[in-house]
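Novice: Residue 1249 is where the sequence shown starts when you use the numbering used here, and the numbers rise one by one after that. No residue lacks a Cβ here, since even glycine has one placed at the ideal position from N, Cα and C.
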Amino acid sequence: VPIDFGADKIKDLPTILEKYKFQKGLLISAPSMVRNGVAQKIMDASNGKIKAIFSNIQPNPTVQNTDDCVEALVEHKCDFAIALGGGSILDCAKVACFVATTSYTTEVYFTKQQPITHKGLPLIAVPTTSGTASEITNVSVLTDTKRGIKAPLASEFLYPIYALVDPMLTLSCPQQVTASSGLDVLAHSLEAFYGKKHQPYTDLAAEYAAKLVFENLLVAYHAPNNLEARINMSLASVTAGMAFNLTQTAAAHACSYPLTQNFGVPHGEACALTLPTFWKLNSIGKESKRLEAFSRRLGFEDSIDLANRIDEMKKDMQMCLTIEEAGVKT
Ligand code: ZN
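Written out as structure tokens, the structure is:
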């Protein structure tokens, strides 16, 4: 995905729309972006190219949200879409843009009754949180409320055509969302590093991203208007995305899905619940030297020290530390 990264990059959006010669678009966004006026501003700047705003998407987007979004894309005869929001908005938009070009519903693809076989409507992804990196990956995580399943849907045809990453848009990100999505970035980095499919390039990206999170997440959490910390967290998010898009995520993410689905724990917070334990577990045995060296390069004494630091950060940001605090009765 071509990435355009930088503060105030959102101002380039009208030029990008001209370049692609798009005519009719849907702005897929979050209710918060509609309330704060950012969605309307983008619509106004599109020279009439954006025909409507769709914002009926809940956190942990459902198959139904996606079908409703498809309906809006079809109704306005869209030839493109812009997704402006956090991971939920981007994930929903990616699948909706594909399903809108088929005669099926989202469920058919979510349950793998049909494969994803072609590119959908072109989507420009504009993230407003530093977390999922959905703007540069081929994965969407959706929830099927009927079956009670939250699961990722991945395909080479789900990539957005363009990622416009403007850290200024993350300044309004609420504190708890900053905490949870920042921990998600850390999970992407560490899981990409210990994941079986890791390679030298993903190792590089994972290490750079993890370092940025350890140095900037608490600053962004305690001082939300600190632009430098916000820029660094955006950079960490995209860089970790480059790593896990190739390696995929691992055990901490796998464990997070039922925590989110059944106990309502936000995605990043759910991933971070088991992340230090899996880091420690992977520090024993075959990978021990790599993980120890990684931890030391980041300024920690050893792997255990790095894992403990994650728990300290979670405590500082009032994230759950135990399975009981996550609401699970044992
Ligand atoms: Zn994640």
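Out of ALA1498, VAL1322, ILE1558 and PRO1250, state which residue places its alpha-carbon closest to the alpha-carbon of PRO1408.
Specialist: When each option's Cα is compared against that of PRO1408, the closest is PRO1250.
Novice: So, does the region 1339 to 1354 touch the region 1314 to 1325, judging by three or more C-beta pairs under 8 angstroms?
Specialist: Contact between the region 1339 to 1354 and the region 1314 to 1325 is present, because at least three Cβ pairs lie under 8 angstroms.
Novice: Could you tell me the distance, in whole angstroms, from the CA atom of PRO1514 to the CA atom of THR1508?
Specialist: Cα-Cα distance, rounded: 6 angstroms.
Novice: Taking the CB atoms as reference points, tell me whether ALA1468 and ARG1478 lie closer together than 7 angstroms.
Specialist: Closer than 7 angstroms, so yes.
Novice: Alpha carbon to alpha carbon, how far is MET1291 from LYS1577? Give it in angstroms, no decimals.
Specialist: Those two C-alpha atoms are separated by around 46 angstroms.
Novice: Quick one: what's got a C-beta closer than 8 angstroms to ASP1546's C-beta in the same chain, skipping five residues either side?
Specialist: Per the sequence presented here, residue 1546 reads as Leu, with Asp not at that position. Taken in chain order, the residues that qualify are GLU1455, ALA1458, LYS1459, PHE1462 and LEU1554.
Novice: Just checking, does the region 1533 to 1547 make contact with the region 1430 to 1445 on the three C-beta pairs under 8 angstroms criterion?
Specialist: Yes, they touch.
Novice: For ILE1384, report the span of its beta strand (DSSP E) as first-last.
Specialist: Where ILE1384 is concerned, there is no enclosing beta strand (DSSP E), given that its DSSP letter is neither H nor E.
Novice: Could you have a look at ALA1411 and say whether DSSP puts it in helix, strand or coil?
Specialist: Three-state result, ALA1411: strand.
Novice: Rounded to the nearest angstrom, what separates GLN1271 and PHE1405 at their Cα positions?
Specialist: Distance between the alpha carbons of GLN1271 and PHE1405 is about 22 angstroms.
Novice: Is ASP1339 a contact residue of the ligand ZN, with contact defined as CB to any heavy atom under 6 angstroms?
Specialist: Every heavy atom of the ligand ZN is 6 angstroms or more from the Cβ of ASP1339, so no.
Novice: Rounded to whole angstroms, what is the Cα-Cα separation between ILE1330 and LEU1275?
Specialist: Cα-Cα distance, rounded: 5 angstroms.
Novice: Is DSSP giving THR1487 helix, strand or coil here?
Specialist: Helix, per DSSP.
Novice: Run through DSSP, which three-state label would LEU1275 get?
Specialist: Of the three classes helix, strand and coil, the one that applies to LEU1275 here is strand, per DSSP.
Novice: Would you mind sorting PRO1375 into buried or exposed? The rule is 16 or more other CB atoms within 10 Å of its CB.
Specialist: PRO1375 comes out buried.
Novice: Closest to SER1485 by CA distance: which of LYS1398, LEU1523 and SER1437 is it?
Specialist: It is SER1437 whose Cα lies nearest to the Cα of SER1485.
Novice: Excluding five sequence neighbours on each side, which residues of the same chain lie with their C-beta closer than 6 angstroms to the C-beta of LEU1417?
Specialist: Hits under 6 angstroms: THR1376.
Novice: In whole angstroms, give me the CA-to-CA distance for THR1350 and ARG1395.
Specialist: So the alpha carbons of these two residues sit roughly 23 angstroms apart.
Novice: Beta strand (DSSP E) containing ALA1440: first to last residue?
Specialist: Unbroken run through ALA1440 is the alpha helix (DSSP H), 1423 to 1442; no beta strand (DSSP E).
Novice: Smallest Cα separation from GLY1379: which of THR1525, GLU1560 and SER1482?
Specialist: Checked all of THR1525, GLU1560 and SER1482; the closest Cα to GLY1379 is SER1482.
Novice: Determine, using beta-carbon pairs with one atom in the region 1380 to 1389 and one in the region 1489 to 1505, whether at least three such pairs fall under 8 angstroms.
Specialist: Yes, since at least three Cβ pairs between the region 1380 to 1389 and the region 1489 to 1505 fall closer than 8 angstroms, the two stretches touch.
Novice: For LEU1452, count neighbouring Cβ atoms within 10 angstroms of its own Cβ and tell me buried if that reaches 16, exposed if not.
Specialist: LEU1452 is exposed by the Cβ-count criterion.
Novice: Does the beta-carbon of GLY1334 have 16 or more other beta-carbons within 10 angstroms, so that it is buried, or is it exposed?
Specialist: Buried, because 16 or more other Cβ atoms sit within 10 Å of the Cβ of GLY1334.
Novice: At a threshold of 6 angstroms, does ASP1564 count as lining the ligand ZN (C-beta to nearest heavy atom)?
Specialist: No, the beta carbon of ASP1564 sits no closer than 6 angstroms to any heavy atom of the ligand ZN.
Novice: At a cut-off of 6 angstroms, would you count ASP1315 as near the ligand ZN, judging by its Cβ distance to the nearest heavy atom?
Specialist: No.
Novice: Looking only at its own chain, which residues have a Cβ that is under 6 angstroms from the Cβ of TYR1410, when we skip the five neighbours before and after it?
Specialist: So the qualifying residues of the chain are PRO1250 and ILE1372.
Novice: With the cut-off set at 7 angstroms, would you say VAL1322 and ALA1344 are in Cβ contact?
Specialist: Their beta carbons are not under 7 angstroms apart, which means VAL1322 does not touch ALA1344 by this criterion.
Novice: Judging by CA-CA distance, which residue of LEU1332, PHE1542 and PHE1526 is the nearest neighbour of PRO1448?
Specialist: That would be PHE1542, whose Cα lies nearest to the Cα of PRO1448.
Novice: Going by the C-beta, is ASP1432 closer than 6 angstroms to any heavy atom of the ligand MN?
Specialist: With respect to the ligand MN, the structure shown offers nothing to examine, as its ligands consist of the ligand ZN.
Novice: For CYS1519 and LYS1562, I'd like the C-alpha separation in whole angstroms.
Specialist: Computed Cα separation, rounded: 12 angstroms.
Novice: From which residue to which residue does the alpha helix (DSSP H) around LYS1299 run?
Specialist: Premise fails: LYS1299 lies in the beta strand (DSSP E), 1298 to 1302, not in any alpha helix (DSSP H).
Novice: Apart from the five residues just before and just after PRO1262, which ones in its own chain have a Cβ nearer than 7 angstroms to its Cβ?
Specialist: Here the set comprises ALA1293, SER1294 and ASN1295.
Novice: Could you check what DSSP says for PHE1270 in three-state terms: helix, strand or coil?
Specialist: Here PHE1270 sits in coil by DSSP.
Novice: Residues in the same chain with beta-carbon distance under 7 angstroms from SER1277, minus the five sequence neighbours each way, listed in chain order, please.
Specialist: Correct list, in chain order: ALA1287, ILE1301, SER1303, LEU1332, GLY1333 and ILE1337.
Novice: Take THR1426 and list the residues in its own chain whose beta-carbon comes closer than 6 angstroms to its own, dropping the five residues that flank it on each side.
Specialist: Correct list, in chain order: ALA1468 and TYR1469.
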